[in-house]
Every structure is written in structure tokens, then in C-alpha cells.
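To keep things clear, I will list the structure first and then write my remarks on it.
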Amino acid sequence: MSSTNYAALTAEAARIKADVSLLDYFFKLESSGILRYDGKKGKEYFFGFEHQKTGSISIKDQTNVWYDHAKGEGGDIIKAVQLFEKKTFVEAIQRLSNNLDIIANGYQAFYKKNGETEYDIEITRILDTVQHPALITYLHSRGLELSDINDVAKELHWKNGGDKFFAIGFPNVNKGYSVRSKVYKGNLIGGGISTFTIGSKPESLKLFEGSMDFASYRHLNPHESFNVIILNGTGNLTKNLCAKVAEKSAEKNLPVHMYFDGGTGGREATEKGKTLIPGAQDKSKFYTEQGFDDLNDYLSNTEKIKIKNIR
């Protein structure tokens, strides 16, 4: 494997571990009959095999890692796919990438060059508004309403390797979608940033790490007008994008506000934005200093806090 292909493979592995929900994957194993869900204790979710009286596998959703207390082993989502689907490291990455179609160009070229078969993803239906009851229930579970997303999001239905799926899709600049549902979190038909204009007279330019954070902000500030950039992954905050944001900010006299996560990736993106975008303001302290990792975490925990607008 060339150094270019290895770099692409490593980058895709990092993207998967950051963007694909381990908990959703384990629930998929549960729905397939491979594991049994035993409930949540504290901040951990427990799964087990049918022969076990008590599930031995714990998952910490915030850290995206699992641990089997019976076997003394654990790891990330890639290692889980290796174990439960009996795949090699490279096969596990291919499986996760193809399943959500979040393949970086270099990584996709690696598989085409080596004659590997990719899953055949076919979008079968696109609805202009989200209507499926399961997706509406998912939104409600995140503390959101249809009014928070329906003017920018679509309802997508697609086929992948013979299976059928549906999810909420936020269009991105590369004619793909950032997709969200209870089962899936990733990109469909290519990744990239999403850009929207909310309202008729934008008063600021706001950068969000993910689509649920953007929707959460709208829920908290339903009457505000602003320009939006959703990164759909902190790796998309490139120097080129920062330069374009800085240029638009200066041209339109718009302040730049950043609402990134409290994790390592989010903190690094915040510092990068502050360095490369003159005057960019970090707004994450509003929720991180209250113990919440991101804006949706803040919103969805309404029972623990008194919700206030964040601007």
C-alpha cells in the first residue's frame, strides 16, 4: 500500500470513529439478533449475548467506546465490526464507509484501484419535508420540532446492498447529504459542508459542528435571521473555508459565531477558527461550562436545566 493510500485509509478510520455512532451500531446488532439490549445504568448502555444472564458489554456513548467485561477486551466501532462481523481492519473500514457513503476521495480511489466492490447506493425517493413518524419521533427525542428543520432538510429513502433505509437529509455543497436518524449518522453520496440562509436579513454568520446543533440553535432562537455553515465534521474547517468565511464576514459586516462541541475535535476547531477568522467568537462556553458537550445535549436535557436563548 502506498503512503498516499495509507494516509487516506488512516484519515477515513479517524473520520468513522468521530462521526459514526457506536451506540447506533450496537442497536443495529441488537435488531439483527446478534446481541441483546439490557438497558442503561448511569451513563453506560449494556448489551449481552442470549446465553448470558446479564449483559457484559458496556458502551459509553459520549466517548464512543465499548468494553466487554467478561472477556476483558474492547475498543472503538472499527474493532467492533472486526469482532462481530469477522472482518479485517481494512474490511471494517470499507464496511462502515460504504454503509454510510462517507468515503474520502482518496480512500474511494484506493478501493477502485484494487478492484474492491462498492455497495450500490440508490436514492429512491426524496421528500421536500420530513413526514415519516419514526423520523419525527427521532427529532422529538433530540428536543426538536419539524419547524426547526423542514425549510432546509429533506426526507431521504435509499437502497444499499439490497437493504432499504430512510433518514433526515441536510443537503451539502457537494450535492450529497448529511443524514440523521436513530440508526444512521453520516453522509450520503459524498460529504461536505452545508450552507443555508435563515430569514431575509442575516445578522450574523454562524458555524455549527453538526446539523442537530444547528437545529437546536433554531429551536432556541426561532425568529433570528442568520447565515449558516454546518461543518458536518471538524475536518471540513479548512484554511480555505476559514478564508472564505473571513471574506464574507468583512464584506457583509457580519460577526462570526462558532458553536462547536466540547470534545477535543471541537476545541481544536474553535482555536483554529479564532486564529484564522478575524473576530470569530467562541459561543460554546454557554453550554460547555454548564457541563454539556454540545448545543443539542444542552437542549435535550431540558429536565435538568432552565432553557435560555443562546446567541
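According to this note's numbering, the residues represented by the sequence shown are 1 to 311, in order.
C-beta: ideal position from N, C-alpha, C; glycine also.
Alpha carbon to alpha carbon, how far is residue i from residue j?
i      : j      : result
Val256 : Ile198 : 15 angstroms
Gly265 : Asp19  : 11 angstroms
Cys316 : Ser56  : There is simply no residue 316 to check, as the chain begins at 1 and stops at 311 in what is shown.
Leu29  : Val183 : 11 angstroms
Ile77  : Ala269 : 23 angstroms
Ala215 : Ser181 : 14 angstroms
Asn64  : Val81  : 14 angstroms
Lys17  : Phe84  : 17 angstroms
Val179 : Glu209 : 14 angstroms
Gly72  : Arg95  : 25 angstroms
Ala134 : Glu251 : 42 angstroms
Ala167 : Lys239 : 31 angstroms
Trp66  : Arg36  : 15 angstroms
Leu146 : Asn253 : 31 angstroms
Asn236 : Ile230 : 9 angstroms
Ser204 : Met258 : 11 angstroms
Gly190 : Ser97  : 10 angstroms
Gly262 : Gln290 : 11 angstroms
Asp128 : Ala153 : 7 angstroms
Lys248 : Lys274 : 15 angstroms
Quick check on DSSP: helix, strand or coil for residue i?
i      : result
Tyr259 : strand
Asp24  : helix
Asp38  : strand
Asp148 : helix
Lys244 : helix
Tyr138 : helix
Thr10  : helix
Gly74  : strand
Phe49  : coil
Asn253 : coil
Ala269 : helix
Asp133 : Residue identity differs from the one stated: residue 133 is Pro in this sequence, not Asp. Correct three-state label for Pro133: helix.
Glu155 : strand
Asn5   : helix
Gly115 : Here Gly115 scores only 37 on pLDDT, less than 50, and its place in the model should not be relied on; the value that follows carries that caveat. Gly115 falls in the coil class under three-state DSSP.
Lys184 : The sequence shown places Tyr at residue 184, not Lys. Looking at Tyr184 - three-state DSSP - the assignment turns out to be coil, as it is neither helix nor strand.
Lys239 : helix
Lys320 : Absent from the structure is residue 320, since the part of the chain shown begins at 1 and ends at 311.
Run the CB neighbour count on residue i, radius 10 Å, all protein chains shown included, and call it buried at 16 or more, exposed below.
i      : result
Gln131 : exposed
Asn174 : exposed
Glu12  : buried
Thr288 : buried
Ser200 : exposed
Phe26  : buried
Ile155 : First, the residue type needs correcting, since residue 155 is Glu and not Ile in the sequence shown. The residue in question, Glu155, is buried, as its Cβ has 16 or more Cβ neighbours within 10 Å.
Asn172 : buried
His69  : exposed
His219 : buried
Tyr6   : exposed
Phe292 : buried
If residue i sits next to residue j, beta carbons under 8 angstroms apart, how far is it from one beta carbon to the other, in whole angstroms?
i      : j      : result
Arg125 : Asn296 : No, Arg125 and Asn296 are not in contact; Cβ-Cβ is about 27 angstroms, not under 8 angstroms.
Ser194 : Asn232 : 6 angstroms
Leu139 : Trp158 : Rounded, the Cβ-Cβ distance is 19 angstroms, inconsistent with contact.
Gly176 : Gly192 : 6 angstroms
- Item | Complete alpha helix (DSSP H) runs within the stretch 194-237 (minimum length 4 residues, chain order) | Restricting attention to alpha helix (DSSP H) runs no shorter than 4 residues, the stretch 194-237 encloses them at 211-220, ordered along the chain.
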